[in-house]
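Protein chains in written order, with this note's numbering: chain A, 1 to 285; chain B, 286 to 570. Have a look at the structure below before the remarks.
Number of protein chains: 2
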Amino acid sequence: MTPPAETAATAYTGHVDYVHGYSAHETRRLGDQADTLAELLHADTAYPAGSRVLEAGCGVGAQTVHLIGASPGAHFTAVDISATSLARARARVTAEFPAARVTWHQADLFELPFKDAEFDHVFVCFVLEHLVAPGEALMALRRVLRPGGTLTVIEGDHGSAFFHPDSAYAHAAIDCQVRLQHTAGGNALVGRQLHPLLSAAGYERIAVRPRPVYADRSHPALVDGFTRNTFIAMIESVREDAQSAGLMSPADWDRGLADLHRTADDDGTFHYTFFKAVAVNPRPS
Amino acid sequence: MTPPAETAATAYTGHVDYVHGYSAHETRRLGDQADTLAELLHADTAYPAGSRVLEAGCGVGAQTVHLIGASPGAHFTAVDISATSLARARARVTAEFPAARVTWHQADLFELPFKDAEFDHVFVCFVLEHLVAPGEALMALRRVLRPGGTLTVIEGDHGSAFFHPDSAYAHAAIDCQVRLQHTAGGNALVGRQLHPLLSAAGYERIAVRPRPVYADRSHPALVDGFTRNTFIAMIESVREDAQSAGLMSPADWDRGLADLHRTADDDGTFHYTFFKAVAVNPRPS
């Protein structure tokens, strides 16, 4: 669920080590995930021609291409803290949309190199979950958003996962990921908190909507693209860290993962909830 | 989530004691719940004029009035195992829709007094969760459904509940309800199982869709009508049974309920998922 935001935790306030690591495999996983989920998450996001849009934390560009595809006339500014991710995002966007108007900046969310109110809209997806101080990030983004402009936030929530057959071992394996992300300073349960976070950060007209992903055998592409290759792959990616931290015995872990795979069988089902919020930066009263 | 289906468990195969009991308060709670959720659950269900529709397990008529309101020209047959519930349903429907064409039958789902293929459509809502043998019930319903006719099923899933602030005590209190319902022979997690149950019962063209309920301070009617007066009220209603069964200490229970109420505060959020399935009785090949 979690696009890269490569960092040394010590160098940037409020930022944390990316829990999933960096690799070509990881980049591919994030690309698959974005394509499977693009319709669900992005279909209702489109910005007017000429509007100035900031994507904060663009990672490898997995969401950026969908943003640009839906809003060909908008002027995008894409920011990420990782030069490596930014280069990948730029290569991908340039390949898919050679004519797109995108400006690229390597920068910290908390020290954005932009003037106050420089953007009409801000978009942030799978970023807050990695931050120690998501509320402060939302305030930093509000500074560069013009009054009356919108912020769009998309986040997952790993506590929303449930499935058939149910399994305490599978839930425990998911909980390892949640605990590792917490230890790293992030929050894998941030989806459910978007409304209070946005409210505390001073936004108004906050509309949060759940975006459920439900996969059964009648949706084989979703079983493969989401249950197996996105969600289970993400849990599998923390196996070593979970073992090193002593969070779960190898035998219990293996059973948990086997039980997760079981939910992708023909008589299994899998359910997960993303949250999408749109909020407005208030005009001065 | 659970409309009454009054019964003596010994008298009817596959049927169980209604976990929430019977009272005027309970009837009111179920009415409130149905009104709050009617749009979410029923908006896309309408039957053609003249079609013969069976509602199996109508309870006190909480869903019946919405069915009839959306399909004024259909011929309804409403069945419940409880004479008391049936009388309440009949009174309610007669008061709201004096001209509605409804036939009322007190009967067991597993011994329906109807010919094979007597109905064009069957509707069942918040019933499977109370049955020891939901799969057999779906087969019994398929017998009275004409080939090519549709079955619509709506069920909740208490394992889908998550909220902010998160609380292990609140989850444990919810789990008491799940365990009591399991002990009574029911299944509070049946929503996630609709696809495999329908498939095993011989239905085809099965389409299961999650219907999430998400409440935050921007939806005060939902916070009140769903989080407080439906979900938390339902959990509170099993307090005595949970204590008698020794499932949770009184202090832990009270903390769990306080934590649940906390999610209905201004900075709380609450999320729950219903499932709605539509499936077809195959034509002989």
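Idealized CB from N, CA, C, for every residue including glycine. Small disclaimer: the values here were computed from a predicted structure and weren't measured.
Beta-carbon gap between residue i and residue j smaller than 7 Å
i, j, result
"Thr-330/B", "Thr-437/B", "yes"
"Glu-440/B", "Gly-476/B", "yes"
"Arg-142/A", "Asn-281/A", "yes"
"Val-60/A", "Ser-85/A", "yes"
"Phe-411/B", "Val-493/B", "no"
"Phe-110/A", "Val-144/A", "no"
"Ser-368/B", "Gln-348/B", "Correcting the residue identity first, residue 368/B is Ala in this sequence and not Ser. Taking 7 Å as the Cβ cut-off, Ala-368/B and Gln-348/B do not qualify as a contacting pair."
"Ala-245/B", "Ile-517/B", "Residue 245/B lies beyond the stretch modelled for chain B, which goes from 286 to 570, so this question has no answer here."
"Leu-413/B", "Asp-442/B", "no"
"Ala-117/A", "Arg-90/A", "no"
"Ala-277/A", "Leu-194/A", "yes"
"Tyr-488/B", "Ala-418/B", "no"
Residues that residue i bridges to, as DSSP identifies them
i, result
"Gln-177/A", "DSSP lists no partner for Gln-177/A."
"Cys-343/B", "According to DSSP, Cys-343/B bridges with nothing at all."
"Gln-391/B", "Asp-365/B"
"Ile-439/B", "Cys-410/B and Lys-561/B"
"Phe-162/A", "His-271/A"
"Ala-215/A", "Phe-270/A"
"His-360/B", "Arg-337/B"
"Ala-207/A", "Val-278/A"
"Phe-404/B", "Leu-430/B"
C-alpha gap between residue i and residue j, whole angstroms
i, j, result
"Arg-496/B", "Arg-255/A", "30 Å"
"Arg-101/A", "Asp-108/A", "22 Å"
"Cys-176/A", "Val-122/A", "32 Å"
"Gly-268/A", "Leu-197/A", "35 Å"
"Ala-549/B", "Arg-92/A", "44 Å"
"Asp-405/B", "Phe-361/B", "10 Å"
"Gly-159/A", "Asp-451/B", "9 Å"
"Pro-220/A", "Ser-336/B", "34 Å"
"Arg-369/A", "Gly-510/B", "Outside the shown range of chain A (1 to 285) lies residue 369/A, about which nothing can therefore be said."
"Gln-528/B", "His-556/B", "26 Å"
"Leu-423/B", "Ala-74/A", "52 Å"
"Gly-342/B", "Gly-420/B", "15 Å"
"Asn-472/B", "Leu-465/B", "9 Å"
"Ala-384/B", "Ala-500/B", "36 Å"
"Arg-286/A", "Asp-551/B", "As shown, chain A starts at 1 and ends at 285. That puts residue 286/A outside it, with no answer to give."
"Tyr-169/A", "Ala-140/A", "40 Å"
"His-171/A", "Asp-252/A", "11 Å"
"Arg-568/B", "Ala-486/B", "14 Å"
"Ala-38/A", "Arg-217/A", "20 Å"
"Asp-544/B", "Leu-326/B", "27 Å"
"His-415/B", "Asp-365/B", "13 Å"
"Pro-72/A", "Ala-43/A", "14 Å"
"Gly-247/A", "Ser-237/A", "Just to set this straight, residue 247/A is Leu in the shown sequence, not Gly. Roughly 14 Å separates the two Cα atoms."
"Val-463/B", "Thr-512/B", "17 Å"
"Ala-334/B", "Ala-446/B", "38 Å"
Buried versus exposed, by CB contacts within 10 Å (16 or more), residue i
i, result
"Glu-55/A", "buried"
"His-66/A", "buried"
"Ala-11/A", "At Ala-11/A, the pLDDT of 25 sits below 50, so the modelled position is not reliable and the matter cannot be decided from this model."
"Thr-103/A", "exposed"
"Ala-363/B", "buried"
"Arg-205/A", "exposed"
"Thr-595/B", "Beyond the ends of chain B as shown, which are 286 and 570, falls residue 595/B; an answer cannot be given."
"His-164/A", "buried"
"Ser-249/A", "exposed"
"Ser-285/A", "exposed"
Chain-ordered chain A contacts of residue i [CB-CB under 7 Å]
i, result
"Ile-491/B", "Ser-218"
Partner residues on chain A for residue i, Cβ-Cβ distance less than 8 Å
i, result
"Gln-478/B", "His-164 and Thr-269"
"Thr-435/B", "The premise fails here: Thr-435/B is roughly 15 Å from chain A at the closest Cβ pair, so nothing lies under 8 Å."
"Pro-383/B", "Ordered by position in chain A, no residue passes the 8 Å Cβ test against Pro-383/B, which lies about 39 Å from the chain."
Within chain A, partners of residue i - CB distance below 9 Å
i, result
"Leu-474/B", "Phe-162, His-164 and Asp-166"
"Pro-419/B", "By Cβ distance, chain A contributes nothing, its closest Cβ being about 13 Å from Pro-419/B, past 9 Å."
Chain B contact residues for residue i, given Cβ-Cβ distances below 8 Å
i, result
"Gly-159/A", "Phe-447 and Asp-451"
"Thr-230/A", "Within chain B, no residue comes near Thr-230/A; the closest Cβ sits about 17 Å away, beyond 8 Å."
"Pro-147/A", "What Pro-147/A touches in chain B: nothing, since even the nearest Cβ is about 20 Å away."
"Pro-212/A", "Pro-495, Pro-497 and Thr-558"
"Pro-113/A", "Simply none; closest approach about 32 Å."
9 Å Cβ cut-off: residues of chain B touching residue i
i, result
"Pro-282/A", "Residues of chain B passing the Cβ test: none, with the nearest at roughly 15 Å."
Partners in chain B for residue i, counting only beta-carbon separations shorter than 7 Å
i, result
"Pro-72/A", "Correct list: empty, because the minimum Cβ distance to chain B is about 32 Å."
"Pro-250/A", "By Cβ distance, chain B contributes nothing, its closest Cβ being about 26 Å from Pro-250/A, past 7 Å."
"Pro-48/A", "Per Cβ cutoff of 7 Å: no residues; Pro-48/A is ~25 Å from chain B at best."
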